[in-house]
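Undergrad:
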Amino acid sequence: MCLAGCLPLLPLLIPIFANGRACRRASRGFACVNPPVKLKDFIARIPYLAWVVIYTALCAGVFAAILGAVTPELREELDNYQQLGVLMMVWSAGGVLGALQGGRMAQRYAPRPLFLSYTAAALLAISLIVLSPNFGTLLAGFFLVALCETALFTLAHSILANISPQAELRARMLSMVDLAFSLGNLVAPMAVIGVQQFSTSWRMPYAVYLLPLLTVLVAFWPRRHFVNLAPIHHAEAGGPSMGYVQLLRRPVVFWAVLGGVLSGFLEWGQNFWYVSFGINAQHLSPNAARIGLEFFVAGMIAARLWQAFWHSRWPLRQKLWRLNLLALAGMAMNVALAGQGGWVVAGLGNFLFGVGVGVVFPVLLAIMIDDMPAQASKLSALLMIGYSVGSQLAGVVVGSLSDLVGLHWAYASMLLVVLAFTGVVWRIVGFAAPAQLQPQA
2 MCLAGCLPLL PLLIPIFANG RACRRASRGF ACVNPPVKLK DFIARIPYLA
52 WVVIYTALCA GVFAAILGAV TPELREELDN YQQLGVLMMV WSAGGVLGAL
102 QGGRMAQRYA PRPLFLSYTA AALLAISLIV LSPNFGTLLA GFFLVALCET
152 ALFTLAHSIL ANISPQAELR ARMLSMVDLA FSLGNLVAPM AVIGVQQFST
202 SWRMPYAVYL LPLLTVLVAF WPRRHFVNLA PIHHAEAGGP SMGYVQLLRR
252 PVVFWAVLGG VLSGFLEWGQ NFWYVSFGIN AQHLSPNAAR IGLEFFVAGM
302 IAARLWQAFW HSRWPLRQKL WRLNLLALAG MAMNVALAGQ GGWVVAGLGN
352 FLFGVGVGVV FPVLLAIMID DMPAQASKLS ALLMIGYSVG SQLAGVVVGS
402 LSDLVGLHWA YASMLLVVLA FTGVVWRIVG FAAPAQLQPQ A
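When you line the sequence shown up against this note's numbering, it's residues 2 to 442, in that order.
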């Protein structure tokens with residue numbers, strides 16, 4: 002409960018700490034082109050808006066993980082697992098629409114009114130979830146929240162690009178946004194455990210979530226932080242624009258997007274279904290199963306920290322292949338050793354699986370951009386949609402199979418998806434990297 006209570010304070014404390022030190026370095030600006038920026042100096046130079054964007058990602062990560070943590074309680078209120086799968090599918094569909102529309106809106110309107118509108122609409126949608134009298138209203142609430150938060154993420158990336166003229170600093174900020182989302186995933190199960198000490202209703206964690214989301218609205222309210230921002234230009238330099246179908250005809254793009262679909266299935270299938278699997282197949286208590294999910298998120302965070310801040314001599318394709326083998330080992334442990342070894346085996350399997358899938362998205366995107374740098378925004382949109390499609394399939398497929406063959410075997414279908422992803426990665430590794438590709442940090 003204390004974790005949930007501390008969340009609203011973060012956007013107020015972190016910018017004050019950072020900006021207090023940054024003002025003493027104002028004469029340096031963002032330009033630092035030769036040696037890598039030390040972590041302490043990097044944090045001190047992050048402006049207020051970027052901190053609020055990072056905090057927004059933390060809140061979005063919390064919301065994304067609440068559903069998996071309260072699945073057992075929500076399932077008791079629904080008729081069957083298939084309804085739960087439909088709910089997850091509708092949530093993912095809202096994310097796809099938000100990604101498509103969010104980019105267009107960011108090109109046409111100023112950031113501040115969009116941020117305030119998206120956040121206010123999300124507050125109303127979560128209130129609808131908390132007060133929903135029937136399944137249809139619940140679906141509408143999740144759809145609207147997903148639409149607003151995905152559009153908000155698109156706008157957040159635009160803001161970071163606008164306030165961060167240096168490429169290195171911009172890339173590290175985007176990595177911090179990714180990390181913040183993962184940290185939100187990590188906080189959510191523990192926050193749910195704390196909230197359920199006072200109420201076992203699945204609605205109560207969403208009601209508590211209204212408070213940190215309200216602080217996002219307050220943090221983005223000051224007009225002075227948006228003075229120098231303008232609507233984002235939609236055109237990209239460096240070559241003629243290509244349509245989505247044309248891009249998918251490129252073998253590297255096709256296989257990378259297919260890998261995104263499978264990786265989205267795995268990442269969100271784990272978030273959606275592991276707690277229920279841990280209770281029913283691994284014979285863990287509800288809270289132990291939620292802690293097992295924490296190991297998965299911790300593995301993802303470890304991989305993202307390594308990707309963002311530690312040097313690696315592995316080329317991107319080699320990194321993707323080796324991490325995929327860890328994901329395969331972790332999922333095999335979960336399925337083959339279900340009910341054995343208690344939380345130790347479950348935690349190790351989840352951690353390995355989290356490390357294996359934690360940086361798939363940025364690595365796949367980097368591989369595509371290396372192949373076609375002039376089409377970066379459309380490649381990003383394709384991969385995001387691929388992940389959304391994968392998450393929809395995870396909700397519907399595993400939910401439907403659970404009613405037919407039981408949750409244990411339905412969850413085991415994810416091992417088949419990992420094997421399919423291994424084949425996709427092998428195919429991507431087979432493509433020659435561009436001549437200019439160097440080992441990545």
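C-beta atoms are modelled at their ideal positions from N, C-alpha and C, and glycine is treated no differently.
Helix, strand or coil for T155? Go by DSSP, reduced to three states.
TA: DSSP places T155 in helix when its eight states are reduced to three.
Undergrad: Which residue's Cα is closest to the Cα of K320: V364, L263, F310, A290?
TA: Checked all of V364, L263, F310, A290; the closest Cα to K320 is V364.
Undergrad: Mapping the DSSP letters down to three states, classify L338 as helix, strand or coil.
TA: L338: coil per DSSP, three-state reduction.
Undergrad: In the DSSP assignment, find the unbroken alpha helix (DSSP H) run with I47 in it and report its ends.
TA: Here I47 belongs to no alpha helix (DSSP H), and DSSP marks it neither H nor E.
Undergrad: Return the Cβ separation of L214 and T120 in integer angstroms, given the expectation that the two are a contact with Cβ distance under 8 angstroms.
TA: So it is a contact: roughly 7 angstroms between Cβ atoms.
Undergrad: So P223 is in the alpha helix (DSSP H); what residue range does that whole segment cover?
TA: No alpha helix (DSSP H) contains P223, which DSSP labels as neither H nor E.
Undergrad: On the DSSP letters alone, give me the boundaries of the alpha helix (DSSP H) that P73 sits inside.
TA: Counting along the chain, the alpha helix (DSSP H) containing P73 begins and ends at 72-78.
Undergrad: Closer than 8 angstroms by C-beta to L402: which residues in its own chain qualify, once you throw out the five before and the five after it? Chain order, please.
TA: So the list reads W410, A411, S414, once near-sequence residues are dropped.
Undergrad: Within 10 angstroms of its Cβ, does S295 collect 16 or more other Cβ (buried), or is it exposed?
TA: Note that residue 295 is Glu in the sequence shown here, rather than Ser. E295 is buried by the Cβ-count criterion.
Undergrad: So, helix, strand or coil for A238, using DSSP?
TA: Caution applies to A238, whose pLDDT of 44 falls short of 50 and renders its modelled position unreliable; the model cannot decide the point.
Undergrad: Among the residues of its own chain, which have a CB less than 6 angstroms from the CB of M385, if the five just before and after it don't count?
TA: Same-chain partners within the cutoff: A100.
Undergrad: With 16 as the cutoff for other CB atoms within 10 Å, does V345 come out buried or exposed?
TA: V345 comes out exposed.
Undergrad: Enumerate in chain order the residues of its own chain whose CB-to-CB distance from L145 is below 8 angstroms, with the five nearest sequence positions on each side excluded.
TA: Result list for L145: G95, A122, A123, L125, A126, L129, in chain order.
Undergrad: I believe G391 touches G261 by the beta-carbon criterion, under 8 angstroms. Please report the beta-carbon distance rounded to the nearest angstrom.
TA: At roughly 7 angstroms, the Cβ-Cβ gap stays under 8 angstroms, so G391 and G261 are in contact.
Undergrad: Should V97 be labelled buried (16 or more other beta-carbon atoms within 10 Å of its own) or exposed?
TA: So V97 ends up on the buried side.
Undergrad: In the DSSP assignment, the alpha helix (DSSP H) including A367 goes from what residue to what residue?
TA: Its alpha helix (DSSP H) spans residues 361-372.
Undergrad: For the candidate residues L353, V219, I368, whose alpha-carbon lies nearest to that of V253?
TA: Closest by alpha carbon: I368.
Undergrad: Out of curiosity, what's the CA-to-CA distance linking V286 and E268?
TA: The question names Val, but residue 286 is Ser in the sequence shown. Taking the straight line from one Cα to the other gives about 22 angstroms.
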